Structures are given as C-alpha cells and as structure tokens.
Amino acid sequence: MIRRSLLAEALGSLILFATVIGSGIMAERLAGGNVAIALLGNTLPTGAILFVLVTMLGPISGAHLNPAVTLVMRLRGHVGTTVAIGYMIAQLAGGMLGVWVAHVMFDVPALQLSTHARGGLGQLTGEAVVTFGLLVTILGTTRVRPSATPATVALFITAACWFTSSTSFANPAITIARSLSDSFSGIAPASVPAFVAAQLVGAVLAHLIADAVFTPQTADAR
677 MIRRSLLAEA
687 LGSLILFATV
697 IGSGIMAERL
707 AGGNVAIALL
717 GNTLPTGAIL
727 FVLVTMLGPI
737 SGAHLNPAVT
747 LVMRLRGHVG
757 TTVAIGYMIA
767 QLAGGMLGVW
777 VAHVMFDVPA
787 LQLSTHARGG
797 LGQLTGEAVV
807 TFGLLVTILG
817 TTRVRPSATP
827 ATVALFITAA
837 CWFTSSTSFA
847 NPAITIARSL
857 SDSFSGIAPA
867 SVPAFVAAQL
877 VGAVLAHLIA
887 DAVFTPQTAD
897 AR
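Encoded structure:
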C-alpha cells in the first residue's frame, strides 16, 4: 500500500510538473510576447490537470503532490514521519523527471537552470498567501464537502495564478523543479530558498487556524 502511494505521488508530480513547464513553454511560444496571454495559457492547463490528478490519485495517496501539503498532513497526524518523508522524495523526484520530459517534448536542453529571478516582499507575501489559501482550501473542503476537493483545489490555484504577485507556486517541490527550467515558468535557483520559506510559513499558518474555522459543528451544520 505504501509503495503504491509513493508511486502515485511520483507519477502525479511528474504529470503536474510536466504540465506546468510544458504549457509554459507552449504559451510563451504562441503568445507573441503578450505576457498576459502566456500566463493564461499556463494557468488553464495547470488548473485542469490538478482536477484530474486530485480526482484520480486522491483515493490512492491523498494526492498531496506537494511537500507543504504533506507537512501539514504530518502535523495533523494523517500520515507518519516515514511516509511523509517518502512522499516528499517521491514528489521531488517525479517532478524533476516531469520537467525533463517537458524539455524533451519541446526540443530544448533537458538540463538547464533558470535565469528568471523572483523575489521581494511582494512576491514572498504572495507565496505565503497562496500556500495558506491552498491548505485552507484543502483542509476546509475535505471537512465540509470532501467530494468537491478536486474542483476547489483546481479552481483555487487557477484563481491564485492571477490574484497573487508570485503567480502561485505554492509548492516547495515545484519551486525547486522550476529552477531547472529556463522557461516562462522558471525561477532562478537563488530565489528558491526564500520562496520555499514563505510557502512553509503559509502552510503552517493554515494548519494552526483551520480547526478554529472548520469545526465538526460547522461541518454538521452544513
């Protein structure tokens, strides 16, 4: 069962990260220099594949696909430490492979580093906000309406790509993986540590307040 869950996390991360990078490359090539159109072309496939992956893999591994999600699930006792570490390794390994697969599909060098510097108070605040929002969405929906989780996660990330200054990474593994792609979706390696730190702050804050909002009484009342 654990092996099956680890494989699900690795495969899901591969597909998700390949979608993010591949759609970013395609969008940049087709947008003719229009950054808004490129962002839209990157956003819609990301939201769509999240719905598919959470629906498909949720019953197998929980479809974390994100170390920040796994961390919160560990803090809440939903997974053990060994499983959590295994999930995080699977997410990163599968995700990095997904980046390389996207590069091969679009005939660009498989191994590369991003030169797209990202940072500053605004973008770091955006990363904390989007990760907080993602975890609140997951924790809240799984409490009050579990069947809607794939849709709410996908729609939240689709919206967050536009309302946050960082364009919604919200995932330490994808942040690291995107540093390996010098494309529209990339992030310079030097920018990664601050992004990951902001994501972890947002995730822990969501963990700390979720029970105050989504109590069992609230769920029953709905």
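All you need for our numbering is the position in the sequence shown, starting with 1, plus 676. Beta carbons are placed, not taken as given, at the ideal position from N, Cα and C, and that holds for glycine. What you are looking at is a predicted structure, and each value in this text was computed from that prediction instead of being measured.
- Residue range 757-781 is occupied by the alpha helix (DSSP H) that includes Val-759.
- DSSP, read as helix, strand or coil, puts Gly-708 in coil.
- DSSP places Ser-681 within a helical segment (H, G or I) once states are collapsed to three.
- Across the structure, Tyr-763 and Thr-746 are spaced so that their CA atoms are roughly 7 Å apart.
- A buried status is given to Trp-776, since no fewer than 16 other beta-carbon atoms sit within 10 Å of its beta-carbon.
- Taking Ala-864 as the centre and dropping the five residues before and after it, the same chain places the C-beta of Leu-789, Ser-790, Thr-791, His-792, Ala-793, Arg-794, Ser-855 closer than 8 Å to its C-beta, in chain order.
- The residue among Ala-686, Phe-693, Thr-801 with its C-alpha nearest the C-alpha of Ile-852 is Phe-693.
- Around the beta carbon of Thr-758, fewer than 16 other beta carbons sit within 10 angstroms, so the residue counts as exposed.
- Nearest C-alpha to Leu-726 among His-883, Leu-690, Met-749: Leu-690.
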